[in-house]
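Chains A and B, in that order, are what the protein sequence lines are.
Going by my numbering, the first sequence wraps up at 41, each residue one higher than the last.
Going by my numbering, the second sequence wraps up at 331, each residue one higher than the last.
Idealized CB from N, CA, C, for every residue including glycine.
Model, not experiment: these values are computed from the prediction.
Read through the structure below, which is laid out as structure tokens, and then see the notes.
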Amino acid sequence: KDKSASELREELNRVYSENKKIKEMLETVCEKYYALHHHLE
Amino acid sequence: MDQYSSSLVDTSLDLTIGITRMRVEEDSTTSALVDELKRVNAENKKLSEMLTLMCDNYNVLRKQLMEYVNNTERDQVSPPKKRKSPARDDANSSAVVGGVSESSSTDQDDQYLCKKQREETVVKEKVSRVYYKTEASDTTLVVKDGYQWRKYGQKVTRDNPSPRAYFKCACAPSCSVKKKVQRSVEDQSVLVATYEGEHNHPMPSQIDSNSGLNRSPGAANRSRSLAEPVTTIDLTETKKVTSPSRVDFPEVQKLLVEQMASSLTKDPNFTAALAAAVTGKLYQQNQTDK
Numbered sequence: 001k002d003k004s005a006s007e008l009r010e011e012l013n014r015v016y017s018e019n020k021k022i023k024e025m026l027e028t029v030c031e032k033y034y035a036l037h038h039h040l041e
Numbered sequence: 042m043d044q045y046s047s048s049l050v051d052t053s054l055d056l057t058i059g060i061t062r063m064r065v066e067e068d069s070t071t072s073a074l075v076d077e078l079k080r081v082n083a084e085n086k087k088l089s090e091m092l093t094l095m096c097d098n099y100n101v102l103r104k105q106l107m108e109y110v111n112n113t114e115r116d117q118v119s120p121p122k123k124r125k126s127p128a129r130d131d132a133n134s135s136a137v138v139g140g141v142s143e144s145s146s147t148d149q150d151d152q153y154l155c156k157k158q159r160e161e162t163v164v165k166e167k168v169s170r171v172y173y174k175t176e177a178s179d180t181t182l183v184v185k186d187g188y189q190w191r192k193y194g195q196k197v198t199r200d201n202p203s204p205r206a207y208f209k210c211a212c213a214p215s216c217s218v219k220k221k222v223q224r225s226v227e228d229q230s231v232l233v234a235t236y237e238g239e240h241n242h243p244m245p246s247q248i249d250s251n252s253g254l255n256r257s258p259g260a261a262n263r264s265r266s267l268a269e270p271v272t273t274i275d276l277t278e279t280k281k282v283t284s285p286s287r288v289d290f291p292e293v294q295k296l297l298v299e300q301m302a303s304s305l306t307k308d309p310n311f312t313a314a315l316a317a318a319v320t321g322k323l324y325q326q327n328q329t330d331k
């Protein structure tokens with residue numbers, strides 16, 4: 001509540017960046033998982 | 042005055058209204074930012090959970106694939122170890138079980154190694170060396186000892202330039218006797234055959250085994266291992282026997298008698314005994330004549 005709009009925007013940008021990284025990692029893991037699954041089949 | 046009063050200028054700046062509007066806009070932006078921050082944080086949390094789940098699944102799948110590949114390789118390398126596969130599969134569920142399984146397999150390996158060493162020791166105990174005297178012109182590494190042999194290798198090395206041939210008994214499939222034949226370094230006319238193991242079958246041809254055997258203990262002085270029984274066989278005489286078959290049996294018998302006679306005449310004890318016997322016979326004959 002005490003944070004100003006600029007501080008909030010900064011925090012939001014940081015969380016967006018983190019979100020992007022997690023999505024990339026998830027995408028990579030999903031690709032590897034399905035490749036492995038396909039290999040096992 | 043009225044003019045002044047009617048034309049009074051509003052000197053107020055009306056600053057309060059503008060400040061309030063800005064504050065309202067700022068408040069709405071801040072609340073929107075806070076809402077967006079909350080939404081993105083929640084999304085991040087969900088994505089993190091999904092990432093953790095996917096990583097776990099990936100690791101489990103990867104482990105299964107590795108085990109499958111390992112089992113396949115193990116089956117290809119050593120088919121008898123196939124029985125160990127279930128124990129290794131159990132190792133996935135708990136580390137303790139895996140540890141026990143590993144130790145039991147190590148014990149089995151140790152037992153296998155001990156058994157193998159014991160077998161090797163037994164084989165080493167049954168090593169015998171036989172010297173075959175051949176003609177000087179004969180350069181082959183073949184000795185006729187009555188058994189059928191299958192040659193499986195020949196070797197010459199820098200430190201041992203004399204060629205040596207390796208044979209395996211071909212009389213019976215279960216027979217594991219091996220033979221190494223090499224020319225003697227001291228006497229090139231002598232073939233040294235080293236036998237490993239014992240035949241688990243009778244000699245295929247009795248004639249072959251009897252042909253030309255001349256077990257003379259007083260053979261040439263050759264280096265011998267005390268642990269290994271050494272026999273000397275003269276193969277130069279066997280050349281006289283053209284084909285070792287039952288048809289030639291009388292010839293072989295004659296040859297044997299000749300060789301026995303020659304070896305006996307060389308024995309001074311036998312000569313003395315024979316002389317005494319002949320003398321005694323002659324004496325008895327003279328007594329009866331009288």
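Name the chain A residues that come within less than 9 Å of residue i, Cβ to Cβ?
i                : result
MET107 (chain B) : By Cβ distance, chain A contributes nothing, its closest Cβ being about 11 Å from MET107 (chain B), past 9 Å.
ASN112 (chain B) : Simply none; closest approach about 13 Å.
MET244 (chain B) : Within 9 Å Cβ-Cβ: nothing; MET244 (chain B) doesn't reach chain A, min ~59 Å.
Run through chain B and tell me which residues come within less than 9 Å of residue i, C-beta to C-beta.
i               : result
GLU11 (chain A) : LEU74, LEU78
For residue i, which of helix, strand or coil comes out of DSSP?
i                : result
LYS3 (chain A)   : coil
SER225 (chain B) : coil
LEU36 (chain A)  : helix
SER69 (chain B)  : helix
SER117 (chain B) : According to the sequence shown, residue 117 (chain B) is Gln rather than Ser. Three-state result, GLN117 (chain B): helix.
GLN105 (chain B) : helix
GLY321 (chain B) : helix
ALA314 (chain B) : helix
LYS220 (chain B) : strand
SER215 (chain B) : coil
ASN390 (chain B) : Nothing can be reported for residue 390 (chain B): it is not among the residues displayed for chain B, which extend from 42 to 331.
LEU88 (chain B)  : helix
LYS185 (chain B) : coil
ASN241 (chain B) : coil
MET25 (chain A)  : helix
ILE180 (chain B) : What sits at residue 180 (chain B) in the sequence shown is Thr, not Ile. Looking at THR180 (chain B) - three-state DSSP - the assignment turns out to be coil, as it is neither helix nor strand.
ASN201 (chain B) : coil
GLU10 (chain A)  : helix
GLU31 (chain A)  : helix
GLU41 (chain A)  : coil
Over what stretch of residues does the beta strand (DSSP E) that includes residue i continue unbroken?
i                : result
TYR207 (chain B) : 205-210
LYS174 (chain B) : 168-174
ALA234 (chain B) : 231-237
LYS192 (chain B) : 190-196
Since residue i meets chain B, which of its residues come closer than 7 Å, beta carbon to beta carbon?
i               : result
GLU44 (chain A) : For chain A, the structure presents residues 1 to 41; residue 44 (chain A) sits outside this window and is missing.
Under 8 Å Cβ-Cβ, which residues of chain B neighbour residue i?
i               : result
HIS42 (chain A) : Any question about residue 42 (chain A) goes unanswered here, given that chain A covers just 1 to 41.
Please compile the residues from chain A whose C-beta is within a distance smaller than 7 Å of the C-beta of residue i.
i               : result
VAL81 (chain B) : LEU12, VAL15, TYR16, ASN19
LEU92 (chain B) : ILE22, MET25, LEU26, VAL29
Could you check which residue in the options has the C-alpha nearest to that of residue i?
i                : options                                : result
TYR16 (chain A)  : B:VAL222, B:GLU84, B:VAL118, B:THR180  : B:GLU84
ALA177 (chain B) : B:TYR188, B:SER225, B:TYR193           : B:SER225
VAL218 (chain B) : B:ASP228, B:ASP200, B:ARG205, B:LYS192 : B:LYS192
HIS38 (chain A)  : B:ASP97, B:SER72, B:LEU102, B:LYS79    : B:LEU102
LYS220 (chain B) : B:THR198, B:GLU108, B:CYS210           : B:CYS210
CYS30 (chain A)  : B:GLU299, B:GLN223, B:ALA73, B:LEU88   : B:LEU88
VAL222 (chain B) : B:LYS104, B:TYR207, B:GLY194           : B:TYR207
ARG80 (chain B)  : A:GLU41, A:ALA5, A:ASN19               : A:ASN19
GLU10 (chain A)  : B:ASN201, B:ASP68, B:LEU78             : B:LEU78
CYS216 (chain B) : B:ASN112, B:ALA318, B:SER72, B:PRO243  : B:PRO243
ALA213 (chain B) : B:TRP190, B:GLN195, B:VAL197           : B:TRP190
CYS96 (chain B)  : A:ILE22, A:SER6, A:LEU40               : A:ILE22
ASN201 (chain B) : B:GLU66, B:LEU74, B:GLU227, B:LYS86    : B:GLU227
THR181 (chain B) : B:ARG205, B:VAL110, B:GLU108           : B:ARG205
ASN13 (chain A)  : B:LYS196, B:MET91, B:LEU74, B:GLY187   : B:LEU74
Whose Cβ in chain A lies nearer than 8 Å to the Cβ of residue i?
i               : result
GLU67 (chain B) : ALA5
LEU88 (chain B) : ASN19, ILE22, LYS23, LEU26
TYR99 (chain B) : VAL29, LYS32, TYR33, LEU36
THR70 (chain B) : ALA5
CYS96 (chain B) : VAL29
Listing by chain order, which chain C residues have their CB less than 8 Å from the CB of residue i?
i                : result
LEU182 (chain B) : Reference to chain C is not applicable here, since the protein chains of this structure are A and B.
_Stretch-stretch touch, CB-based, cutoff 8 Å, three pairs: the stretch 229-240 of chain B with the stretch 172-179 of chain B_ = yes
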